[in-house]
Amino acid sequence: MTTYDLIDEAVIDAPADAVWDALVAEFRGARKWWVPANTFTAVSGAPDEVGGLVGVTVHTKGSDNGGLKLRFTSRTVAVEPGRRLDIEYVDGVFRGPSSFRLEPLADGRTRISMHFTGSPHGWLKVLAKVADLGVEHSRGTLAAFESLGRQLSAVPR
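Residue 424 is where the sequence shown starts when you use the working numbering, and the numbers rise one by one after that.
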């Protein structure tokens with residue numbers, strides 16, 4: 424079975440509390456910085472509370488361009504506000520744990536990282552044999568982090 428164990432990170436020119444607020448807002452459905460690759464919808468509870476469920480859709484050709492849609496659900500399993508959000512993919516085309524970490528840096532910036540350890544499930548297992556989903560995941564995550572950085576650097580402090 425294919426399992427992805429990826430760590431993607433970026434340094435954002437904004438304090439950790441601003442990065443945290445943007446991360447949680449995105450998981451609630453803000454569609455501000457992870458679009459066009461991913462969209463999120465709160466299913467039940469809050470994404471920053473243990474037990475919160477979030478629906479994730481990966482748009483392989485962009486959110487408004489048709490193409491294959493990969494859907495799965497994450498459940499929040501641990502939260503340290505402003506620092507850590509641990510999730511588990513519990514339904515859909517990915518299963519397994521992943522985590523987001525925020526590290527405040529001495530210069531007022533923040534290192535954000537995503538440790539993705541999901542495994543394809545169902546029909547996606549077949550696609551994973553012919554397509555490098557790990558490369559696509561990292562490409563989408565890093566583009567999202569870059570977009571987040573642009574968004575937050577435009578906000579006056």
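Glycine included, every Cβ here is placed at the ideal spot set by N, Cα and C. Note that the coordinates shown come from a computational prediction; the quantities given were computed from them, not determined experimentally.
**OP:** Report yes if the C-beta of arginine 506 is less than 7 Å from at least one heavy atom of the ligand FAD; otherwise report no.
**Re:** Annotation note on the ligand FAD: not contained in the displayed structure, which lists no ligands.
**OP:** Please name the residue in Asp555, Ser497, Val502, Leu556 whose C-alpha comes closest to that of valine 513.
**Re:** Position 90 of the sequence shown, counted from the start, is the residue given in the question as residue 513. Among Asp555, Ser497, Val502, Leu556, the Cα nearest to that of valine 513 is on Ser497.
**OP:** Select from Gln574, Val502, Glu511, Trp456 the residue whose C-alpha is nearest the C-alpha of glycine 485.
**Re:** Indexing the sequence shown from 1 puts residue 485 at position 62. Looking at Gln574, Val502, Glu511, Trp456, the one whose alpha-carbon comes closest to that of glycine 485 is Trp456.
Subject >> Distance between valine 516 and leucine 547 (C-alpha atoms, nearest Å) >> reply: Indexing the sequence shown from 1 puts residue 547 at position 124. Indexing the sequence shown from 1 puts residue 516 at position 93. When rounded, the distance between both Cα atoms is 6 Å.
**OP:** Below 8 Å on the Cβ atoms is my guess for aspartate 436 versus serine 576; work out the distance and round it to an integer in Å.
**Re:** If you number the sequence shown from 1, residue 436 lands on position 13. If you number the sequence shown from 1, residue 576 lands on position 153. The C-beta distance from aspartate 436 to serine 576 rounds to 5 Å, short enough to fall under 8 Å.
Original post:
Using the C-alpha atoms, what's the distance from tyrosine 427 back to aspartate 444?
Top reply: The residue you call residue 444 lines up with position 21 of the sequence shown. The residue you call residue 427 lines up with position 4 of the sequence shown. When rounded, the distance between both Cα atoms is 27 Å.
**OP:** Would you mind reading off the limits of the alpha helix (DSSP H) that contains alanine 448?
**Re:** Position 25 of the sequence shown holds residue 448. It spans 439 to 450 - the alpha helix (DSSP H) in which alanine 448 sits, taken as one unbroken run.
Original post:
What is the C-beta distance between valine 500 and valine 473, in whole angstroms, given that I count them as a contact (C-beta under 8 Å)?
Top reply: Translated into the one-based positions of the sequence shown, residue 500 becomes position 77. Translated into the one-based positions of the sequence shown, residue 473 becomes position 50. The Cβ separation is near 6 Å, so the contact holds.
**OP:** In angstroms with no decimal places, state the Cα-to-Cα distance between proline 504 and aspartate 471.
**Re:** As a first step, residue 504 is located in the sequence shown; it is residue number 81 there, counting from the start. As a first step, residue 471 is located in the sequence shown; it is residue number 48 there, counting from the start. One C-alpha to the other measures close to 8 Å.
Original post:
For the beta strand (DSSP E) that histidine 482 lies in, which residues bound it at each end?
Top reply: Indexing the sequence shown from 1 puts residue 482 at position 59. Element bounds for histidine 482: 476 to 482.
**OP:** Indicate the three-state DSSP secondary structure (helix, strand or coil) for arginine 562 in the structure shown.
**Re:** Counting from one through the sequence shown, the residue named residue 562 turns up at place 139. It is helical.
Original post:
Are the CB atoms of threonine 533 and proline 520 nearer to each other than 8 Å?
Top reply: If you number the sequence shown from 1, residue 533 lands on position 110. If you number the sequence shown from 1, residue 520 lands on position 97. Not closer than 8 Å, so no.
Original post:
Under the three-state reduction of DSSP, which class applies to glutamate 569: helix, strand or coil?
Top reply: For the purposes of this step, residue 569 is taken as the residue at position 146 of the sequence shown. Helix at glutamate 569.
Original post:
Is the beta carbon of proline 438 sitting closer than 8 Å to the one on proline 543?
Top reply: Along the sequence shown, one-based indexing puts residue 438 at 15. Along the sequence shown, one-based indexing puts residue 543 at 120. For the pair proline 438 and proline 543, the CB atoms are not nearer than the 8 Å cut-off.
**OP:** Note down the Cα distance separating glutamate 559 from arginine 506, rounded to an integer number of angstroms.
**Re:** Here residue 559 is taken as the residue at index 136 of the sequence shown, counted from 1. Here residue 506 is taken as the residue at index 83 of the sequence shown, counted from 1. Cα-Cα distance, rounded: 26 Å.
Original post:
Any idea what DSSP makes of serine 576, helix, strand or coil?
Top reply: Position 153 of the sequence shown holds residue 576. In this structure, serine 576 counts as helix in the three-state DSSP scheme.
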